[in-house]
Amino acid sequence: MAVFSSLADKLQETFKKLTGKGKLTESDINEAMRTVRMALLEADVSYKVVKDFVATVKERALGADILGSLTPGQQVIKIVQEELTALMGSEQARINMQTKPPTIVMMAGLQGSGKTTSAAKLAQLFKKQHHKRPLLVAGDIYRPAAIKQLEVLGEQTGIPVFSLGDKVSPVEIARQGVEHAMANGNDLVLIDTAGRLHIDEALMQELKDIKATVEPHEILLVVDAMAGQDAVKVAETFNAELEIDGLVLTKMDGDTRGGAALSAKAVTGKPIKFVGMGEKLDAMEPFYPDRMASRILGMGDVLTLIEKVQAEVDDQKAKELEDKMRTSTFTLDDFLDQMAQLRKMGGMKDMLAMIPGIGKQIRDLEIDEREIGKVEAIVLSMTPAERQNPSILNASRKQRVARGSGVQVQQVNRLLKQFEDTKKMMKKLTDSGMLKPERIHKPRNKKGKGKKGGKSGGNRNSMGSMFSKLLGR
Amino acid sequence: MGFFEKLKQGLTKTRDDFNNKLSQVFSLGRKIDEEFYEDLEETLIQADVGVQTAVELTERLREIEKKEHIREAEPLRQALQTEIVKIIKGSVDGENKNRFLLKGGRLNIILVVGVNGAGKTTTIGKMAAYYHSIGHKVLLAAADTFRAAAIEQLCMWGERAGVDVIRQSSGSDPGAVVFDACQAAASRGSNILIVDTAGRLQNKTNLMEELRKINRIIEREAPQANVEVLLVLDAGTGQNAISQAKLFGEVVPLSGIILTKLDGTAKGGVVIGIANELNLPVKMIGVGEGIDDLREFVAADFAAALFAGDNEEASNYEVVRED
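Chains B and A, in that order, are what the protein sequence lines are.
The numbering of the first sequence is my numbering, which starts it at -18 and goes up by one.
The numbering of the second sequence is my numbering, which starts it at 1477 and goes up by one.
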């Protein structure tokens, strides 16, 4: 999840130069600001926003009398981080839920920005986490099979979809959709609309008509994180015409630098409320500006990681695993379990990318999720006895396992070697006290993986190399 | 409406914006100084030409200014136009590279790839309609088995265009669909098979591997076919376009780009950046939502439309045509 990664790299490089210096001159600062400016421009942040941003940072940097300070580089980094956070909104924004249901949310945006998928993801999010009873309204009558798409998504999530086919005007569909929600006790209505260009007056008028008819409490503009300089105009126009309430940023799981997010936020003054992080229907997250600012600066995203671990890890199992690791009775079965748990939390790479410090190395290290599948297949091809005690695996047993899992015997050997190494490493980690419960200050940091989110910076590399080892890299 | 008119209309937004800003930069009596070049660079970056290309173009103008002792803005404007046309055309034979050539006497397979929401399915619908209308035997393959209702969407386009679609159920193996489609194209004697694929972000390794597999199946099942792999790119995309072209190019042999939604953005400038940095020809452009709004990309026409003032289009067009 290399969100903003390139921006982070570039800024970090600039600041490394600054950090290395004892004292800064004004031209050092100018040099740094130039790099910041180019990095932001290459990250698709709008030209005007970049100009203002750099001016603000520079003014603060000069005004803060950091020239004589002993750690000027760090001070500049701090200023950049603060300004980035300020630019993205200082706190997490939420959907404005009505005390008198239903809350009506209208989606708007360009073609292909991800409105339909986002509508379904939001419905799912509110159903799961806020116990809402959402209704999806199919208001895109233009694109072929858009209604069908929403219906399929509704089926997958178990959320009802209101549709009147593609012969009725979207305004009427929206009106009846809201009525339908009232009659059926749905407390959240999400209206999907057709993608339209911000310069298409007729279609913009249609959105205004829907707005006037159903008076939505939230109008969310869906913005593709990969958008370029034009994102500013799109956001400005939609905001001017509709007075949007917030932004949904999609496709943030790509390798885009995502500068459009900053621009759209800056020019509309409206908060980014949600971020689409993947193709699965639960891959929609609230937007945390402070976390994102840290991520931009390459400081990792520990909070998200902790939350994921917390949401998915089975406490009991985690406890068992911890004990096993400490007593070195960790078996291949446990190994399999652990992999399954990791998988639940999302891709291995996504998880690793959130760990401070190793983000950069990991991005270059291609982790093929299928390799993990292979490892699973190998372990599953062993008998329970073999999994408990791999040392009984002789040549003919290994051959059987290899055949069973469709790999070469060498791969079986490699896995066994890596497993032994991992065990040793775990032993070392536990002996050094890193996994002792008292060292894990956050109560939610339950298991072995929890330590990734811990504050002890010393184990980053060992964790990194452990995963590389496990995957045979 | 002729092609040029349509293109010009589709590009109105791009042209107006780009031209207005350029007019300001190159306004009469403007002094050629550092500020001038900064303004120019800013204008180019704002048109999504890309930072690298904008810097390069500005550098080239500086050189030209020095070499030819230019003191006024107007000749520099001409020079900029020439440089941009050069970039868009690529090389001397650039124009041919841009042409999308179907090979006669055998099956042509067009594999359409791209990120989510770029406009692959819509583009394929338009392509199918166009080739069908000029008498080709077209077959479509619905290999986006992942996105909800993607198959239905393609089938609706197939119906509109009067073209058959090879499909399996949602969630099935896209490789299997492509396999079937190759067989079907051969047995029905189709001469164009267009393969729709699921949108995928270029950094998703396993999805990219799936694409590699699809391509492998095509190579294996239709070894005689002329295969074109086209990357569909949303014209509103920023610098990520470079990453898309690079990473897709690593798994499949890209032969060109289809640039979509060019009518809406003020950003035809992205064409310049792509031509300069990607070394991939733009083969077609989408300039509207209608079934006939997909156009072959002609570099000279595009450049002319980009720079055409309101009253000079026809003459400019002719001039460029004679090149």
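Virtual Cβ for every residue (Gly too), placed ideally from N, Cα, C.
Not one beta carbon of chain A lies nearer than 8 Å to the beta carbon of valine 204 of chain B. Under the DSSP assignment, lysine 254 of chain B falls outside any alpha helix (DSSP H), being part of the beta strand (DSSP E) whose first and last residues are 253 to 257. Take the alpha-carbon of glycine 209 of chain B and the one of glutamate 1539 of chain A: they are about 29 Å apart. Inter-residue distance for isoleucine 154 of chain B and arginine 1771 of chain A is about 34 Å (C-alpha atoms, whole angstroms). Annotation for alanine 1530 of chain A: Glu1517, Leu1520, Ile1521 place their beta carbon closer than 6 Å to its own, counting only its chain and skipping 5 residues before and after. In this structure, DSSP gives valine 1527 of chain A a helical state, which the three-state scheme calls helix. Interface criterion met: the Cβ of threonine 1713 of chain A is under 8 Å from a Cβ in chain B. Between serine 144 of chain B and the set B:Asn165, B:Gly166, B:Ile172, B:Met163, the nearest pair of CA atoms involves B:Ile172. At a beta-carbon threshold of 7 Å, the residues of chain A lying near glutamate 23 of chain B are Val1527, Gln1715, ordered along the chain.
Judged by DSSP secondary structure, glycine 1634 of chain A falls within the alpha helix (DSSP H) whose first and last residues are 1626 to 1637. For leucine 1706 of chain A, the closest Cβ of chain B is not nearer than 8 Å. When secondary structure is reduced to three states using DSSP, phenylalanine 311 of chain B falls in the coil class, being assigned neither helix nor strand. Counting only Cβ-Cβ distances below 9 Å, glutamine 92 of chain B has contacts in chain A at Gly1593, Gly1595, Thr1598, Asp1710, Thr1736, Lys1737, Gly1740, Glu1765, in chain order. Taking 3 residues as the minimum length, the beta strand (DSSP E) runs contained wholly in the stretch 208 to 268 of chain B are 227 to 231, 253 to 257, 265 to 267, in order along the chain. Rounded to whole angstroms, the gap between the alpha carbons of alanine 1619 of chain A and valine 142 of chain B is 26 Å. Contact between glycine 1593 of chain A and glycine 235 of chain B does not hold, since the beta-carbon distance rounds to 11 Å and is not under 8 Å. Under the DSSP definition of a beta bridge, alanine 127 of chain B lacks any partner. Residue contact check for alanine 208 of chain B against chain A: a CB pair falls below 8 Å.
Not one beta carbon of chain B lies nearer than 8 Å to the beta carbon of leucine 1756 of chain A. Scanning chain B for C-beta atoms nearer than 9 Å to the C-beta of alanine 1775 of chain A yields nothing, as the closest lies near 21 Å away.
Of all residues in the stretch 115 to 136 of chain B, the ones placed with a Cβ closer than 7 Å to any Cβ belonging to chain A are Pro125, Ala126, Lys129, Gln130, Val133, Leu134, in chain order.
Just so you know, the alpha carbons of glutamate 72 of chain B and glutamine 62 of chain B end up roughly 14 Å apart. Residue environment: glutamate 40 of chain B is assigned as exposed (fewer than 16 neighbouring CB atoms within 10 Å of its CB, all protein chains considered). By the beta-carbon neighbour count (other beta carbons within 10 angstroms, threshold 16), asparagine 1752 of chain A is buried. Leucine 1498 of chain A and phenylalanine 1512 of chain A have their C-alpha atoms spaced approximately 11 Å apart. The alpha-carbon of arginine 384 of chain B is positioned some 40 Å away from that of methionine 265 of chain B. Within the stretch 1691 to 1728 of chain A, the complete beta strand (DSSP E) segments at least 3 residues long are 1702 to 1710, listed from N- to C-terminus. The shortest C-alpha to C-alpha distance from valine 1763 of chain A to any of A:Tyr1607, A:Thr1599, A:Glu1628, A:Arg1547 is the one to A:Thr1599. For the stretch 59 to 91 of chain B, the set of positions with a beta-carbon nearer than 9 Å to some beta-carbon of chain A reads Leu91 in chain order.
In the three-state reduction of the DSSP assignment, threonine 1598 of chain A falls in the helix class, which pools H, G and I. Within chain B, the residues placing a beta-carbon under 8 Å from that of leucine 1677 of chain A are Lys232, Asp234, Gly235, Asp236, ordered along the chain. Listed along chain B is no residue with a C-beta nearer than 8 Å to that of serine 1648 of chain A; the closest approach is about 15 Å.
With its beta carbon at least 8 Å from every one in chain A, glycine 166 of chain B lies outside the interface. Chain B has a Cβ within less than 8 Å of the Cβ of glutamine 1629 of chain A. Proximity of the stretch 244 to 257 of chain B to the stretch 20 to 30 of chain B meets the contact definition, three or more beta-carbon pairs being nearer than 8 Å. Around the beta carbon of arginine 124 of chain B, a 10 Å sphere encloses 16 or more other beta carbons of the protein chains shown; the residue is thus reported as buried.
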